[in-house]
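Sequence lines, in order, name chains A and B.
Just so you know, numbering that gives the first Met the number 0 puts 188 at position 189 of the first sequence, and the rest follows in order with no gaps.
Just so you know, numbering that gives the first Met the number 0 puts 321 at position 322 of the second sequence, and the rest follows in order with no gaps.
Reviewing the structure listed below.
2 protein chains.
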Amino acid sequence: MPTFSPLKNDTFLRALLRQPTEYTPVWLMRQAGRYLPEYRATRARAGSFLGLAKNPELATEVTLQPLDRYPLDAAILFSDILTVPDAMGLGLSFAEGEGPRFARPLRDEQAVLALREPDLSSLQYVFDAVTQIRTALDGRVPLIGFSGSPWTLACYMVEGGGSDDFRTVKAMLYSRPDLMHHILKTNAAAVAAYLNAQVDAGAQALMIFDTWGGALADGAYQRFSLDYMRAAIRQTKRERDGVPVPLIVFTKGGGLWLEEIAGCGADAVGLDWTVNLGKARERVGQQVALQGNLDPTILFAGPQQIRDEVRAVLQSYGQPGAASGHVFNLGHGISQFTPPEAVTTLVDAVHEFSRALPKQL
Amino acid sequence: MPTFSPLKNDTFLRALLRQPTEYTPVWLMRQAGRYLPEYRATRARAGSFLGLAKNPELATEVTLQPLDRYPLDAAILFSDILTVPDAMGLGLSFAEGEGPRFARPLRDEQAVLALREPDLSSLQYVFDAVTQIRTALDGRVPLIGFSGSPWTLACYMVEGGGSDDFRTVKAMLYSRPDLMHHILKTNAAAVAAYLNAQVDAGAQALMIFDTWGGALADGAYQRFSLDYMRAAIRQTKRERDGVPVPLIVFTKGGGLWLEEIAGCGADAVGLDWTVNLGKARERVGQQVALQGNLDPTILFAGPQQIRDEVRAVLQSYGQPGAASGHVFNLGHGISQFTPPEAVTTLVDAVHEFSRALPKQL
Numbered sequence: 000m001p002t003f004s005p006l007k008n009d010t011f012l013r014a015l016l017r018q019p020t021e022y023t024p025v026w027l028m029r030q031a032g033r034y035l036p037e038y039r040a041t042r043a044r045a046g047s048f049l050g051l052a053k054n055p056e057l058a059t060e061v062t063l064q065p066l067d068r069y070p071l072d073a074a075i076l077f078s079d080i081l082t083v084p085d086a087m088g089l090g091l092s093f094a095e096g097e098g099p100r101f102a103r104p105l106r107d108e109q110a111v112l113a114l115r116e117p118d119l120s121s122l123q124y125v126f127d128a129v130t131q132i133r134t135a136l137d138g139r140v141p142l143i144g145f146s147g148s149p150w151t152l153a154c155y156m157v158e159g160g161g162s163d164d165f166r167t168v169k170a171m172l173y174s175r176p177d178l179m180h181h182i183l184k185t186n187a188a189a190v191a192a193y194l195n196a197q198v199d200a201g202a203q204a205l206m207i208f209d210t211w212g213g214a215l216a217d218g219a220y221q222r223f224s225l226d227y228m229r230a231a232i233r234q235t236k237r238e239r240d241g242v243p244v245p246l247i248v249f250t251k252g253g254g255l256w257l258e259e260i261a262g263c264g265a266d267a268v269g270l271d272w273t274v275n276l277g278k279a280r281e282r283v284g285q286q287v288a289l290q291g292n293l294d295p296t297i298l299f300a301g302p303q304q305i306r307d308e309v310r311a312v313l314q315s316y317g318q319p320g321a322a323s324g325h326v327f328n329l330g331h332g333i334s335q336f337t338p339p340e341a342v343t344t345l346v347d348a349v350h351e352f353s354r355a356l357p358k359q360l
Numbered sequence: 000m001p002t003f004s005p006l007k008n009d010t011f012l013r014a015l016l017r018q019p020t021e022y023t024p025v026w027l028m029r030q031a032g033r034y035l036p037e038y039r040a041t042r043a044r045a046g047s048f049l050g051l052a053k054n055p056e057l058a059t060e061v062t063l064q065p066l067d068r069y070p071l072d073a074a075i076l077f078s079d080i081l082t083v084p085d086a087m088g089l090g091l092s093f094a095e096g097e098g099p100r101f102a103r104p105l106r107d108e109q110a111v112l113a114l115r116e117p118d119l120s121s122l123q124y125v126f127d128a129v130t131q132i133r134t135a136l137d138g139r140v141p142l143i144g145f146s147g148s149p150w151t152l153a154c155y156m157v158e159g160g161g162s163d164d165f166r167t168v169k170a171m172l173y174s175r176p177d178l179m180h181h182i183l184k185t186n187a188a189a190v191a192a193y194l195n196a197q198v199d200a201g202a203q204a205l206m207i208f209d210t211w212g213g214a215l216a217d218g219a220y221q222r223f224s225l226d227y228m229r230a231a232i233r234q235t236k237r238e239r240d241g242v243p244v245p246l247i248v249f250t251k252g253g254g255l256w257l258e259e260i261a262g263c264g265a266d267a268v269g270l271d272w273t274v275n276l277g278k279a280r281e282r283v284g285q286q287v288a289l290q291g292n293l294d295p296t297i298l299f300a301g302p303q304q305i306r307d308e309v310r311a312v313l314q315s316y317g318q319p320g321a322a323s324g325h326v327f328n329l330g331h332g333i334s335q336f337t338p339p340e341a342v343t344t345l346v347d348a349v350h351e352f353s354r355a356l357p358k359q360l
């Protein structure tokens, strides 16, 4: 396994482990992305989104871009959750201006039963990117590796792309639960292997994005999303060279299931903006750290409104020990239309206000 | 005010008022719609969606179509929530195969401050449809009138149509809350006047659709959606000729705010499929009836799966008094791709299984 420079800023990792911190660490989902002109320039050089994601040099470049602009407390691997089903042979492409497409979606029993875990060597470009990014970071901040959740991957694998109502994948779930469980079991093993290889390559924290768990009905969520995240987490390495590698799960729209999510084995739970952080903390106690949860559209308002809303989120997290166990983030990925200067206001406000909050001793 | 035949089946109204019923009443959001071939035939004769919605004879015809197929326990006015902003002069149109569009969205201070409540005479076609439908129903089942919520109407009025992220309307909310409150205050008064005129015309129950309340952050939801529903409800007639006219509110994605929604003055709260009905009942006690909450995609599965999931929803509502205070519905509008025979299975299963549940004495 590669070795790296010592970490200079471990605030993010400490918060995930519910250890005291001097201030509330902050990073943003999709922080390396289209809202940054320097990202768009690299993306243009790469020729395509997949060309960018599959090139470790360029992926390293865009991963570091937001850190050069903003004093963020973590970096996240630039990649896409659909690399895993692509490596399973489903044939991923991104048409310009549209979402992802799979050439060979899982639409019948034969296709489902032929599904196999990916050969990790076909994902070597991801692990190479992790190692290059971690090296380039030179210990500035921790690097987050990630994966889609088994259910969220299954949504794309069965629908063949995005969906408004997930009617194809849910019809399979209700009509042929045996096939859905087969996909999810395969995905859970693939997710664990994929995350473990990222840890080996240098990832210092992990996140599972369950973007579409909130589309499921109560009951179905537990059986078809949460249970398979739990299974993946159980098989995932949680330390490297004796250093803990904390893991975050995020089910968008999953606020009602918070207590159950908090018990799935993760160190931290991501929350969207519909959840009150103080109430969330009451519901889960000290079982997990919480990550979130500013509405990303606030970044379209002026600096004073951004500062007011950042303060409100920090205060809602509650006291005492306000800065401990909270990682500031948006409740969803940053919009491509966000003015970059709004992020400066946001990051500075998180650091400034959280330093003034009472600390846990 | 017009007079009508006596009601033969008041099960739906009794459930909304938390009175004992012999079985759990059922209706479906968008039950008169594109999944029915007879609807598509009438829609083709009308020439356009708005041509259909603005023609009381044709609106009556499509409102009754699902009742002729299925033993539903309520009818709902065939109309669109955007009739109100259309009557405010925003210029509504529906391009074929696309969503609604406003020619004159509220994009600046001048447009917002010029906004006025609609002249109700420009909505006479809606009230004529209510009277004609109630007459045609001849007391078979109660007729539901409805409106969009002040916030949900504002979303379309500011965005100018549908949206993935509501960034224009939310940017106004955060940047210029004064303008947003002006729109919402105007909308709340318009919603109340619109619902009252529907009651005068013959509506026997009312529903407020807060389709996009769940897009708001905690805190913003209470101030910008719930408070204005409460204001509208306060001004809404709740009886006609001494007979109660129960009112349902439905915030899709609002499960986390259930206790607060239950206190807004409505008789019943609609729930989407992410909410467990039994837990919801524990949270609100006997304060309100609950409506919901089957995932509409279950209708793409086979008859046995539909029956199993209907039974699960009924059982989740809990005991004792299982059939009292529960109106069965989907957690969202029925999909246009639903096979009509799946609805037969659903409606029959609700009636059959709920008759076998323990009754409140």
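No residue lacks a Cβ here, since even glycine has one placed at the ideal position from N, Cα and C.
From what residue to what residue does the beta strand (DSSP E) around residue i run?
| i | result |
| --- | --- |
| residue 36 of chain B | Not the beta strand (DSSP E): residue 36 of chain B falls in the alpha helix (DSSP H), residues 36-45. |
| residue 250 of chain A | 246-250 |
| residue 268 of chain A | 267-269 |
| residue 90 of chain B | No beta strand (DSSP E) holds residue 90 of chain B; DSSP gives it neither H nor E. |
| residue 100 of chain B | 99-101 |
| residue 208 of chain A | 204-209 |
| residue 291 of chain A | 288-293 |
To the nearest angstrom, how far is the alpha carbon of residue i from that of residue j?
| i | j | result |
| --- | --- | --- |
| residue 5 of chain B | residue 190 of chain B | 28 Å |
| residue 171 of chain A | residue 215 of chain A | 13 Å |
| residue 292 of chain A | residue 272 of chain A | 5 Å |
| residue 16 of chain B | residue 249 of chain A | 39 Å |
| residue 80 of chain B | residue 117 of chain B | 14 Å |
| residue 295 of chain B | residue 325 of chain A | 37 Å |
| residue 355 of chain B | residue 316 of chain B | 14 Å |
| residue 25 of chain A | residue 65 of chain A | 12 Å |
| residue 218 of chain A | residue 115 of chain B | 45 Å |
| residue 159 of chain A | residue 138 of chain B | 47 Å |
| residue 169 of chain B | residue 257 of chain A | 26 Å |
Could you please give the first and the last residue of the uninterrupted alpha helix (DSSP H) stretch that includes residue i?
| i | result |
| --- | --- |
| residue 166 of chain A | 166-174 |
| residue 67 of chain B | 55-68 |
| residue 333 of chain A | Residue 333 of chain A -> no alpha helix (DSSP H), and no H or E assigned at all. |
| residue 157 of chain B | 149-158 |
| residue 312 of chain B | 302-316 |
Within the 8 Å Cβ cut-off, does residue i reach chain B?
| i | result |
| --- | --- |
| residue 297 of chain A | yes |
| residue 26 of chain A | no |
| residue 195 of chain A | no |
| residue 251 of chain A | no |
| residue 274 of chain A | yes |
| residue 7 of chain A | no |
| residue 107 of chain A | no |
| residue 254 of chain A | yes |
| residue 363 of chain A | Chain A is shown from 0 up to 360; residue 363 of chain A falls before or after that span and cannot be answered. |
Output yes if chain A places a C-beta closer than 8 Å to the C-beta of residue i; else output no.
| i | result |
| --- | --- |
| residue 165 of chain B | yes |
| residue 3 of chain B | no |
| residue 30 of chain B | no |
| residue 170 of chain B | yes |
| residue 162 of chain B | no |
| residue 40 of chain B | no |
| residue 173 of chain B | yes |
Answer yes or no: do residue i and residue j have a C-beta to C-beta separation smaller than 8 Å?
| i | j | result |
| --- | --- | --- |
| residue 112 of chain B | residue 101 of chain B | no |
| residue 247 of chain B | residue 228 of chain B | no |
| residue 61 of chain A | residue 82 of chain A | no |
| residue 8 of chain A | residue 140 of chain A | yes |
| residue 260 of chain A | residue 289 of chain A | no |
| residue 142 of chain A | residue 76 of chain A | yes |
| residue 146 of chain A | residue 89 of chain A | no |
| residue 339 of chain A | residue 68 of chain A | yes |
Segment contact, 8 Å Cβ cut-off, at least three pairs: the stretch 28-40 of chain A with the stretch 323-337 of chain A: yes
Contact the stretch 194-202 of chain B vs the stretch 121-140 of chain B: 3+ CB pairs below 8 Å: yes
Three-pair Cβ contact test at 8 Å for the stretch 346-356 of chain A versus the stretch 67-81 of chain A: yes
Segment contact flag, the stretch 177-191 of chain A with the stretch 41-53 of chain A, C-beta cutoff 8 Å, min 3 pairs: No, because fewer than three Cβ pairs between the stretch 177-191 of chain A and the stretch 41-53 of chain A fall closer than 8 Å, the two stretches do not touch.
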